[in-house]
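A.B. asks: What follows is a single structure, and I will ask about it in a moment.
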Amino acid sequence: MEEMPNTLSDAQKNKFSKRAEKLEKRIERFKNDAENATDLARMEKHLEICRIMISTANVSDYTPFDIELQLLAVELNVLREERRLNIATIAAEIGYKVRFILSTVRYRHELDKSLQKPR
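In the working numbering, the protein residues as written are 662 to 780.
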């Protein structure tokens, strides 16, 4: 594995900035659905820290490794929230299908009972 230099090149800054922008867009997608506002605020705060680290990397003690770790922390939190939302969506779809199946079974049962009654 190659050694990362302690200063950020313009290409690295652009790469990190693009990752931060993508994360921001991902956070925006589920902002209204976030279960816990504290988690969302933490993700936004970490993302802001990433932006500060990127913009001040060459005049501060931040290395590319520090920025990479910070971005990974935000990505993990975003993935966790996305997974939670996906599970909730899947559960809602399954619940809808189960209710539909039960109503169909109930309807057929009522139909069978009515057909079995003597006229």
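For each residue, glycine too, the CB sits at the ideal point set by N, CA and C.
(1) Tell me which residue opens and which closes the alpha helix (DSSP H) that Asp-700 is part of.
(2) Apply the 10 Å Cβ neighbour rule to Ile-755 and answer buried if 16 or more other Cβ atoms are within range, or exposed otherwise.
(3) In whole angstroms, give me the CA-to-CA distance for Asp-773 and Leu-737.
(4) For Glu-689 and Lys-674, I'd like the C-alpha separation in whole angstroms.
(5) Leaving aside the five residues before and after Leu-701 along the sequence, list all residues of the same chain whose C-beta is less than 8 Å from its C-beta, in chain order.
(6) Spatial neighbours of Val-735 within its chain, please: CB distance less than 7 Å, with the 5 preceding and 5 following residues excluded, ordered by chain position.
(7) If you count every other CB in all the chains shown that lies within 10 Å of the CB of Gln-731, and 16 or more means buried, which is it?
(8) I'd like the span of the alpha helix (DSSP H) that includes Leu-776, first residue to last.
(9) Return the chain-ordered list of same chain residues with a C-beta closer than 7 Å to the C-beta of Ser-678, the five sequence neighbours on each side being excluded.
C.D. replies: Walking through what the data contain:
(1) Taking the first residue of the sequence shown as position 1, residue 700 is located at position 39. Element bounds for Asp-700: 698-716.
(2) For this step, residue 755 is matched to residue 94 along the sequence shown. Exposed, because fewer than 16 other Cβ atoms sit within 10 Å of the Cβ of Ile-755.
(3) Mapped onto the sequence shown, residue 773 falls at position 112. Mapped onto the sequence shown, residue 737 falls at position 76. A straight line joining the alpha-carbon of Asp-773 with that of Leu-737 spans about 53 Å.
(4) Taking the first residue of the sequence shown as 1, we reach residue 689 at position 28. Taking the first residue of the sequence shown as 1, we reach residue 674 at position 13. Each residue's alpha carbon lies about 22 Å from the other.
(5) In the sequence shown, residue 701 corresponds to position 40, counting from 1. Cβ neighbours of Leu-701 beyond the five flanking positions: Ile-688, Lys-692, Ala-695, Glu-742.
(6) Here residue 735 corresponds to residue number 74 of the sequence shown, with the count starting at 1. Around Val-735: Leu-684, Met-704, His-707, Leu-708, Cys-711.
(7) Walking along the sequence shown from the start, residue 731 turns up at place 70. With 16 or more other Cβ atoms within 10 Å, it is buried.
(8) Locating residue 776 in the sequence shown gives position 115, where the first residue counts as 1. 725-777 is the span of the alpha helix (DSSP H), which, as asked, contains Leu-776.
(9) Start at 1 with the first residue of the sequence shown, and residue 678 comes out as number 17. Same-chain partners within the cutoff: Ile-715.
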